[in-house]
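To keep things clear, I will list the structure first and then write my remarks on it.
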Amino acid sequence: MSWLDGLRHRVRTVLRPGAYEREMEEELRHHEALRAANGDGRFGNRTYHKEEARRMTWLAWTDLVRQDLGYAWRSIRRTPAVTTMIIVTLALGIGVNAATFSVLDQIFLRNPAGVVDPDGIRRIWTRHTRTGGGPAFYSEAMAFPTYRQLAATWGDPGRMAVMTSSSNFHLGGTRAGYATQILFTSANYFPLLGVSPARGRLFTEGEARPGNPTHVVVLSDRYWKAHLGADPAIVGTRIKLDTTEYEVIGVMPPAFNGINLQATEVWAPLSALPQADTPHAGVPSIWESPRYLTFFTFVRTTDGQRMADFERAATATVREANRRTDGPRADTLAEVRTASIIQARGPETVRQDELIATRLQGVALIVLVIACANVVNLLLARAVNRKREIAIRLALGISRTRLIRLITLEAVILATLAGTAALFAAWWGGAVLRAQLIVNTDFAQPIMHGHVIWATIAVTLGCGTIAGIIPALQGSRPQLTGDLKDGAKSGVRHRSRLRNGLVVAQAAFSVMLLVGATLLVRTLRNVEGIDIGFDATRILYGNIAFEPGQQPPLAGIVATSRDVAERLRSRPGIEVVARAGLTPMKGFSFWSFYWGSDSSGSLTKQFPLTYAVSPEFFEATGLRLLRGTTFHDGYSGAAEVIVNAATARLLWPHGEAVGQCIRFQKPDAACMIVTGVVADATIGDIVQASPPQIYLPLGAALTKNMDGGLLVVRARAGGEATARREISAVLRQAYPTAEPIIGSMVDDLNPKYRPWRLGAQLFAGLGALALLVALVGIYSTIAYSVGQRRHEFGVRVALGAKVGDVLNQVVGEGVRVVLVGVALGVGLTLVASRLVATLLYGVEPNDVSAILLAGSALLLVTIVAAIVPALRAARSDPLTALRSE
Amino acid sequence: MSKRDLLPGTLDMLVLRTLSLGTLHGYAIAQHIERTSGDVFRLEQGSLYPALERLQGAGLVKSKWGTSPTGRRARYYTITASGRKRLGEEISQFDALTHAIARILGRA
């Protein structure tokens, strides 16, 4: 392979240029010595000979590149301020994009790691239509019987996997142990995904079959290393998770962490699902009940026709099953769809954090465009300043291509520096975004990924090339004589059109971002202003976490908690103490009930949420009483009930709720009188209408067995820390072996406001960034144009122009250009604003005042940016200007 | 005669032809060409070494450091298999060319 020898020779020359040089020197010396020995003394110029030979090697080419790089680097270093500005602008622009993209990539683009041929996996979704109105929605969750019907419809039950998860399994069986979630799956889960264990085995079909609880687990590599010390002999040993011992049968390889965004740490066979087989008397088990919508399913196929057939057949199956269980109120519009293994690519995007992430990427791209425009502007200014240098180079015979290459290379070097900074920014920013935007998720995959790195590199080079080539093309157009004489001073009217175009673009995009920011900030204000029905400040609640399996009997808890509440009442820092069965505004239960004089009213589909509370509950939470009274006596077993406004509207749309009668569970049960109507307390999403809610007294016969072990406390103003300590102390005294858990309503509510706050902060931050970048762009354009026209201003001043005249002229020119941009931006905003409509609350996407605000902010910035160069122009000394003529 | 006076590619052919006789160092190649041409060609280092570099890069010639009869370290060049093939092609092309020129000049 001679050509290979040739290639090896060429590569060696490039890799070891020093050796090449030395050998050539030695060879030529030898040649000369032999010539001299043969009486031929005319050697010629050895350096010339060496150069000629070198021209034949690849070194000739690398020399050229090195020269270009050296030149570009020197000229970059000559203007450190501009260079820094360019790098920072680009790094911010690219970094924001890379960080946002890293999150988007994770949610929407990245297949779960370790899965063989992930495109062949299809998740199964069902579209539910609420019979009581309300929007239809897709969900992956289904009941176990539904899964069985779908598997039968699929025709090949072995190729449809089913899984469900359950949380809070403490390692070692104590509350101090690490709590994890277990994914309970069918045995075909692993083979369908194409994964096999790194150690041990997976569970068999027999082990996974419901009804035959088999307590074995397969661990993720991460869990095994972090919590079991990577014990090499782990397979075959038993670990305790909460109250049950499981035998470890396998460990998965590091790459596989399940197929969800959240990492799966422990897998167990479906059969081991706790409490699945021990239903309460008369209640069907999880395997039989159509009510436990907790199972997720997927199939593996690449056959599109088969999928379509399945979706049709499965839709019919589900509708038929609904008809059987729910009768006339059944969801007969239900539909089954299959979708990607990537959960966020389901039939619809509903989660607000995901929505924000996509919109944020759009905003980040706009910031990048603005940043790039700014860099072009700065490079243009520099290229024009270097006109004389470039003219000399052209005169000395440099080719135009080489010149363009030099200038472009400069921009690419700048972009590379910026890109490197951006990658770090993305790494950091991605982690921050991930933590802020998608909370409480232990991600299965790391932030940085090939996608993100390649996208960043591509954007960096793209930006660098575009930002470099425009000034290069502009600057290398030879007009030798004029440029040699004048350098950068002479009027360059034709060139300012491009620069003005860039300013127009920057202004337009800035207006868009500012409108977006204004809308989101206003949305946040609206959301924070929503009446949640109660006063969340200073509400604390105290609970007891027992060691797994050590919970005392219910009656004991009820008695103790009454004592505890009594004792706490007189402690410092405490204003009101109440008791409840479940965490206020969070935990709830459902009761079926009947109303009307003849008990004819009943709801079969949508039940109001019911809470068992003590009479002080309303005072403690500040839940406003709208009509009537609170419980007259919550402990004596009086048959009283309090409803919220939504319940009153639902049950008695035309009459007064107070004084009405509700019978729980049976149409002939004892009548509970409605004594009062309270405000609607926000329970789920802040912006969603509160559902109907009913409050029952803890002491009523109906709720005798509800523990009421949760203390709901309103602390005195400024006494929150004291109250926390007191609650903790009192609970510890009552239950010495258990652990008190103190929560606060504000902490509970914060996550609900978080997406809104985050949206407003991110949009406002990026809007401010865009405005800042636009400010720099406008300033540099005007300052540059003023610098170029010093002569003109000198003449004007000499002819008697006043400071005001010159200011008017310069500022006016800037404002005119920006106004064009603002107009364009308003147009773009009107078109694009509906894309953020889903992120808004209580404000229209095309809000006029937001547009006016953004436009005037930009004009103000323009005036600020123009005033400094305008003053410089006004102070032009006629003599200096004319002397340089 | 300088390199500019040679027909293009001729120098490479002459070097390959010389090396087809055996392994030689640079000076020996130059000397052989000069002598055999009856001192019509003078081969300067500025032409010879670029040609050798070019031929090596194309894989037509290989080189190796060795010791000359005078005891000095010298780089010895050897023709490769593809070098021989190329030499054959170049010679036949050259023959065709000289034949055509000769016919134009009325010598054939």
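Chains A and B, in that order, are what the protein sequence lines are. The numbering used here applies: residue 149 is where the first sequence begins, and numbers increase by one. The numbering used here applies: residue 17 is where the second sequence begins, and numbers increase by one. Idealized CB from N, CA, C, for every residue including glycine. Note that the coordinates shown come from a computational prediction; the quantities given were computed from them, not determined experimentally.
A straight line joining the alpha-carbon of residue 333 of chain A with that of residue 365 of chain A spans about 11 Å. DSSP places residue 115 of chain B inside the alpha helix (DSSP H), whose first and last residues are 97 to 120. Contact check between the region 388 to 398 of chain A and the region 437 to 455 of chain A: fewer than three CB pairs, one atom from each, fall below 8 Å, which does not count as touching. Among the residues facing chain B, residue 209 of chain A is not included, as its CB has no counterpart in that chain under 8 Å away.
Listed in chain order, the positions of the region 192 to 221 of chain A with a beta carbon within less than 7 Å of a beta carbon of chain B are 192, 196, 197, 200, 201, 203, 204 and 205. With contacts defined by Cβ atoms closer than 8 Å, residue 251 of chain A and residue 581 of chain A form a contacting pair. C-alpha of residue 321 of chain A to C-alpha of residue 388 of chain A: approximately 6 Å in a straight line. Under the Cβ criterion (8 Å, minimum of three pairs), the region 938 to 951 of chain A does not count as touching the region 964 to 983 of chain A. A Cβ-Cβ contact shorter than 8 Å links residue 341 of chain A with residue 263 of chain A. When the beta-carbon positions are compared, residue 302 of chain A and residue 311 of chain A stay at least 8 Å from each other. Assigned with DSSP and collapsed to three states, residue 900 of chain A falls in helix. A distance of 8 Å or more separates the beta carbons of residue 495 of chain A and residue 291 of chain A. Across the structure, residue 955 of chain A and residue 244 of chain A are spaced so that their CA atoms are roughly 37 Å apart.
For residue 270 of chain A, the CB contacts under 7 Å within the same chain, skipping 5 residues up- and downstream, are 446, 447, 449, 455, 486 and 487 in chain order. With fewer than 16 other Cβ atoms from the protein chains shown falling within 10 Å of its own Cβ, residue 572 of chain A counts as exposed.
Annotated three-state conformation of residue 686 of chain A is coil, per DSSP. Within the region 86 to 99 of chain B, contact with chain A at the beta-carbon level (separation under 9 Å) is assigned to 86, 88, 89, 90, 91, 96, 97, 98 and 99. Counting along the chain, the unbroken alpha helix (DSSP H) around residue 874 of chain A starts and ends at 868 to 882. Shown in chain order are the members of the region 158 to 181 of chain A whose Cβ falls below 9 Å from a Cβ of chain B: 158, 161, 171, 172, 174, 175, 176, 178, 179, 180 and 181. Residue state for residue 220 of chain A is assigned as helix, using DSSP reduced to three classes. Within 8 Å of the CB of residue 60 of chain B, the CB atoms of chain A belong to 192 and 197, in sequence order along the chain. Contact annotation: residue 868 of chain A and residue 686 of chain A have beta-carbon atoms nearer than 8 Å.
Fewer than three Cβ pairs drawn from the region 48 to 58 of chain B and the region 1015 to 1027 of chain A lie within less than 8 Å of each other, which leaves the two stretches out of contact. Within the region 64 to 76 of chain B, 64, 65, 66, 67, 68, 69, 70, 71, 72, 73, 74, 75 and 76 place their CB atoms closer than 9 Å to a CB of chain A, listed in sequence order. Here residue 115 of chain B is exposed: its Cβ has fewer than 16 other Cβ atoms, across all protein chains shown, within 10 Å. In the structure shown, residue 1009 of chain A falls within a helical segment according to DSSP collapsed to helix, strand and coil. Secondary structure at residue 739 of chain A: coil, using DSSP grouped into helix, strand and coil. DSSP, read as helix, strand or coil, puts residue 435 of chain A in coil.
Annotation for residue 293 of chain A: the continuous alpha helix (DSSP H) segment containing it runs 292 to 302.
Neighbours of residue 154 of chain A in chain B, taken as residues whose beta carbon is under 8 Å from its own, are 72, 73, 74, 75 and 76 in chain order. Assignment of residue 483 of chain A by DSSP, reduced to helix, strand and coil, places it in the strand class. Neighbours of residue 42 of chain B in chain A, taken as residues at a C-beta separation under 7 Å, are given in chain order as 175 and 179. Assigned with DSSP and collapsed to three states, residue 458 of chain A falls in helix. With contacts defined by Cβ atoms closer than 8 Å, residue 828 of chain A and residue 990 of chain A do not form a contacting pair. Burial state of residue 619 of chain A is buried, judged by a 10 Å Cβ sphere holding 16 or more other Cβ atoms.
A direct Cα-to-Cα measurement between residue 323 of chain A and residue 314 of chain A gives close to 16 Å.
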